[in-house]
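Engineer:
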Amino acid sequence: MPITEGRPSEKKNIFLFLARGAIGAVTLSLALVLAGGAGAQEAGDLDALRDKALAQVNEDRAAHDLPPLTLGDALNAAAQSHAEDMVENDYYAHVSPSGVGPQDRYLDQGGSRAKIVRENIARCTGCDVPPDTERVEAFEEGWMNSPPHRENILSRGLEHFGFGIAGEAGQIFAVQTFAGPGTSPELGPDETAEPILEAERSKTMVEMLNRARERQGLDGLAANEALAEAARDLLPGEDADLLAQNGRSDIFASLPDRAHRDFGALQVTSAGCGGCGADITHADLRHFREQWLDNPQFAPMILSDRFDAAGAAFVADGEGAKRALLLLGATR
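Okay, structure coming up:
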């Protein structure tokens, strides 16, 4: 059973897929309830099992021209804690009885909330304990034969991998965890996430907004460099929490001195996303445009004949968090 967690458009989206299937004694479903048993949990040679799990995942990714993943300490710890918790507390699910989910476990181990987090779980009944590398291979085969689990393994925008495993009384629980900056929600299936140069971003965004204005019979906005410069000044830095609402409120003070008298009114709006890639791309600009045009608070300002100029700026922290700021101006 896989799960995906992230923060696209500053909201946590969880997609939970249930699948039934078995490879040998590997069960990938929630149909059975784990029966508790006596005896201490056993994981075997955990380092060797993790190395095997990583090698299997990267072999499958390489077969689909995807970059390899590296082991991450936070992901390993999150995966192992979940495997052990399922054994100890007699359940089989992504969310624990106390309400702790994959992203919670990752954050508890020091992970970044800007990244997407994915998780696959599986269990084996009637299996030898402690687990060995053959059992890890069987789990990977089972996950790859299940479309939603396979989707997690072969996802773009991932960088790191974690693996946890625990067994007791003939039952073994395994957990795969994945994390990375993700990709833009607007990235097409055949589109590459090519960065857009900073010098081109503001003009390109204004062109995108003007297409929406033209459909409303409005004149286009003029791409204004002074407004773009002010937008860059209003944005938080790369090291700031880009998923938090922040920034200066004195909009006019952010204008270059030469532009203070050019505008009778200014309006600012921002948008953000997490788990949406490491670099600013054309797909990101489309995503931010849709955030603004779909928002009943912001769309009337963008589609208003009150404003005739605009500038925009964008920042990414490299871990998946991004923020965009649009500054609309009414020239005197």
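The opening position of the sequence shown corresponds to residue 1 in the UniProt record's numbering, with each subsequent residue numbered one higher. Cβ coordinates follow ideal geometry from the N, Cα and C atoms, glycine included.
Residue 323: buried (16+ other C-beta within 10 angstroms of its C-beta) or exposed?
Structural biologist: Buried.
Engineer: How about residue 228 and residue 312: do their beta carbons lie closer than 8 angstroms?
Structural biologist: Going by C-beta atoms, residue 228 is nearer than 8 angstroms to residue 312.
Engineer: Figure out for me which residue from 177, 133, 131 and 125 has the closest Cα to the Cα of residue 150.
Structural biologist: Minimum Cα distance to residue 150 is reached at 177.
Engineer: Could you round the C-beta distance between residue 334 and residue 181 to whole angstroms and report it? I think they count as a contact, below 8 angstroms.
Structural biologist: Residue 334 is absent from the model: the chain starts at 1 and stops at 332.
Engineer: Are the CB atoms of residue 200 and residue 281 within a distance shorter than 8 angstroms?
Structural biologist: Their beta carbons are not under 8 angstroms apart, which means residue 281 does not touch residue 200 by this criterion.
Engineer: Between which two residues does the beta strand (DSSP E) harbouring residue 270 extend?
Structural biologist: Residues 263 to 273.
Engineer: Can you say whether residue 111 is buried or exposed, counting buried as having 16 or more other CB atoms within 10 angstroms of its CB?
Structural biologist: By the 10 Å Cβ count, residue 111 comes out buried.
Engineer: Apply the 10 Å Cβ neighbour rule to residue 297 and answer buried if 16 or more other Cβ atoms are within range, or exposed otherwise.
Structural biologist: Classification for residue 297: exposed.
Engineer: Looking at residue 303: is its Cβ nearer than 8 angstroms to the Cβ of residue 231?
Structural biologist: Contact flag unset, no.
Engineer: Are three or more beta carbon pairs between the stretch 133 to 147 and the stretch 73 to 84 nearer than 8 angstroms?
Structural biologist: No contact exists between the stretch 133 to 147 and the stretch 73 to 84.
Engineer: Between 163, 72 and 168, which has its C-alpha nearest residue 48's C-alpha?
Structural biologist: Taking only the C-alpha atoms, the option nearest residue 48 is 163.
Engineer: So for residue 57, helix, strand or coil by DSSP?
Structural biologist: Residue state, collapsed to three classes: helix.
Engineer: What are the uninterrupted segments assigned as alpha helix (DSSP H) that are 4 or more residues long and contained completely in the stretch 268 to 314, given in chain order?
Structural biologist: Listed in chain order, they are 282 to 293 and 299 to 302.
Engineer: Quick test of your reading: residue 327 and residue 266, contact by CB under 8 angstroms. State the CB separation rounded to the nearest angstrom.
Structural biologist: Contact holds; Cβ gap of about 6 angstroms.
Engineer: Where residue 325 and residue 172 are concerned, what is the direct C-alpha to C-alpha distance, given to the nearest angstrom?
Structural biologist: Distance between the alpha carbons of residue 325 and residue 172 is about 49 angstroms.
Engineer: For residue 59, does the count of other Cβ atoms within 10 angstroms reach 16, so buried, or fall short, so exposed?
Structural biologist: Exposed: under 16 other Cβ atoms inside 10 Å.
Engineer: Just to confirm the assignment: which complete alpha helix (DSSP H) runs, minimum length 4, are found wholly within the UniProt domain "SCP" (55 to 177)?
Structural biologist: Listed in chain order, they are 73 to 89, 102 to 108, 133 to 144 and 147 to 153.
Engineer: Answer yes or no: do residue 234 and residue 206 have a C-beta to C-beta separation smaller than 8 angstroms?
Structural biologist: Not a contact, by the Cβ cut-off of 8 angstroms.
Engineer: My understanding is that residue 316 touches residue 278, with C-beta atoms under 8 angstroms, so please give their C-beta distance in whole angstroms.
Structural biologist: So it is a contact: roughly 6 angstroms between Cβ atoms.
Engineer: Quick check on the burial criterion: 16 or more other C-beta atoms within 10 angstroms. Buried or exposed for residue 98?
Structural biologist: Looking at its Cβ environment, which holds fewer than 16 other Cβ atoms inside 10 Å, residue 98 is exposed.
Engineer: How is residue 327 classed by DSSP in three states: helix, strand or coil?
Structural biologist: Residue state, collapsed to three classes: strand.
Engineer: Mapping the DSSP letters down to three states, classify residue 212 as helix, strand or coil.
Structural biologist: Three-state result, residue 212: helix.
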